[in-house]
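Engineer: Below are the structure tokens for one structure; questions will follow.
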Amino acid sequence: MMKRFPSLWLLPAALLPVLSATGCATTPGTCDPTRADFFNNTRCLASGSYRQRQRDLESELAAERSRNDAFQALLADLKLEQDAVRSDLRTRQAAQARAEANWRRIKQSLAAERAKNQALNTRIGQIDRDLARAEASKRGERDALVNKVRLLEQELDAGIYD
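Per this note's numbering, the sequence shown starts with residue 1, numbered consecutively.
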């Protein structure tokens, strides 16, 4: 039985350096289970830093998932808006095409009317020119009369007719 007691005493003595090394302060940020460092990993395990790091990473993951959900909702809203804009654009393009077709028909109709009434257009042009000449002639006569009136007024003011 004596042999058993020394082996029991050896166990704590062998673990003493490991336990004393784990007593050093560790932070969750310095604890990385992918690094192969026995003493650092033992310290992190004993201090609870691994568990704290796991909680921190889970919290960060939850926040990122929430942010991702918000971005997905935004993306869905933007796609709906894009579809609405595309539909509105197609509607407006169709209306524009109809308006352009109507305008082409009106222009063709007017061109046909003008061709039929070429003689009428010629006569209207002649009347417009005659009217412009008559107005110019009357404007000239009016200007001449206005000048005569001014001249007479000046002569009256000068006392020529007294």
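Positions of the beta carbon are idealized from the N, C-alpha and C atoms, including for glycine.
All values derive from a computational prediction rather than experimental measurement.
#1: Taking all protein chains shown into account, decide if Arg55 is buried (16 or more other Cβ within 10 angstroms of its Cβ) or exposed.
#2: With C-beta atoms as the reference, is Cys31 less than 8 Å away from Ser49?
#3: When you compare the CB positions of Arg114 and Asn121, do they come within less than 8 Å of one another, or not?
#4: Taking 8 Å as the threshold (C-beta atoms), are Asn41 and Pro33 in contact?
#5: State the DSSP-derived secondary structure class of Ala36, mapped to helix, strand or coil.
#6: Taking the C-alpha atoms as reference points, what is the distance between Gln52 and Arg90?
#7: Which value, in whole angstroms, describes the spacing of the CA atoms of Leu75 and Asn68?
#8: With DSSP as the reference, label Gly140 as helix, strand or coil.
#9: Taking the C-alpha atoms as reference points, what is the distance between Gln118 and Arg104?
#10: Identify the continuous alpha helix (DSSP H) that holds Ile160 and give its terminal residues.
#11: Report the residue ranges of all beta strand (DSSP E) runs contained in full by the segment 65-134; include only those spanning at least 3 residues, in chain order.
#12: If we ignore side chains and look at the alpha-carbon of each, how far apart do Arg150 and Ala112 end up?
Structural biologist: In terms of the structure at hand:
#1: exposed
#2: Yes, the pair counts as a contact, with Cβ atoms nearer than the cut-off.
#3: yes
#4: yes
#5: Three-state result, Ala36: coil.
#6: 57 Å
#7: 10 Å
#8: helix
#9: Cα-Cα distance, rounded: 21 Å.
#10: Counting along the chain, Ile160 falls outside any alpha helix (DSSP H), and DSSP gives it neither H nor E.
#11: none
#12: 54 Å
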